[in-house]
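Heads up: the sequence shown runs through residues 275 to 479, numbered per this note's numbering.
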Amino acid sequence: MFGSLCTVEICTSQGLRPGVIKLEPFIKQNAWLQHMLNGPDARLIDLQDLPRDLAGDERDWFVRPVDDSKQIAGRVMASREIVDMAKSVITLERQEIPDGSLRHDTQMMLSQPITIMKEWRVWVVDDTIITSSLYKEGARVIYRPEIDDDAREFVRHLIELNPGYSEAYVIDVCRTDDGLKLIETNCINAAGFYAANMLDLAHAI
């Protein structure tokens, strides 16, 4: 099933296979750590601790939940914005927070923003690249069914470093001034299609 991550409950209740293929957090995959855009120097902090940890901080951070929950999309935010977001959550009682929303104990990843020149999404099934799409070039959102040769080889190398990570997933990679980097992995069922060949993906699955 493709769509919102809320389909996890539907797939579980109906016993659907493969249903939704869940992932372990990419940031905790040691085999990839040295290749991650936000990996080696990232800070992992529970949301409830952000106001204390960022008190007096005036920097911008790239921030996202550690797990692939889509509670918020990863983005660059000023420290004060992150603190305000955290405070809006921790002022609520735990039972008031809907499922799928940020919670007091949601683990967040913070890292230094890095300029990205190109971004690609690659669909992987059984450790094999099936299809890919460019989705951003500089600041422009551009969907084209293409990937640079060295970026494709970089993804192949990442797969070889961490075989069996998941039956199927998407992996986002990018080009920076410091070379090619792994941005993140995502649940294949809840990832945007961009300009991928979905027929090839359906056949592979």
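Glycine is no exception: its CB is placed at the ideal position from the N, C-alpha and C atoms. Computed from a predicted structure; not experimentally measured.
Here M382 is near I319, since their CB atoms are less than 8 Å apart.
The beta carbon of D315 sits closer than 8 Å to those of S385 and Q386, all from its chain and outside the five residues before and after it, given in chain order. Pairwise C-beta distances place the region 468-475 out of contact with the region 328-335, as fewer than three of them are shorter than 8 Å. Of the other Cβ atoms in all chains shown, 16 or more fall within 10 Å of the Cβ of N312; this residue is therefore buried. Relative to R426, the option among I388, L454, I295 and Q308 whose CA is nearest is L454.
Taken in chain order, the complete beta strand (DSSP E) segments of 3 residues or longer contained in the region 408-447 are 414-418.
Fewer than three pairs of CB atoms, one per stretch, sit closer than 8 Å, so the region 278-291 makes no contact with the region 352-363. In this structure, L432 sits near I445, with a CB-CB distance shorter than 8 Å.
Between N304 and the set I462, C461, Y439 and V396, the nearest pair of CA atoms involves Y439. Setting aside the 5 residues that flank it on each side, H309 is surrounded in the same chain by L456, each with a C-beta closer than 6 Å to its C-beta; the list follows chain order.
For F300, the secondary structure class from DSSP, reduced to helix, strand or coil, is helix. In the three-state scheme derived from DSSP, where H, G and I count as helix and E and B as strand, L376 is classed as coil. In the three-state reduction of the DSSP assignment, R368 falls in the helix class. In this structure, DSSP gives N463 a helical state, which the three-state scheme calls helix.
The C-beta separation of Y409 from L297 comes to about 19 Å, leaving the pair out of contact by the 8 Å criterion. At the C-beta level, W394 and V350 stay beyond 8 Å of one another. D334: member of the beta strand (DSSP E) spanning D334 to P339, first to last residue. Relative to the Cα of K392, the nearest Cα in the group I416, E367 and V398 belongs to I416. Rounded to whole angstroms, the separation of the alpha carbons of P339 and V363 is 14 Å.
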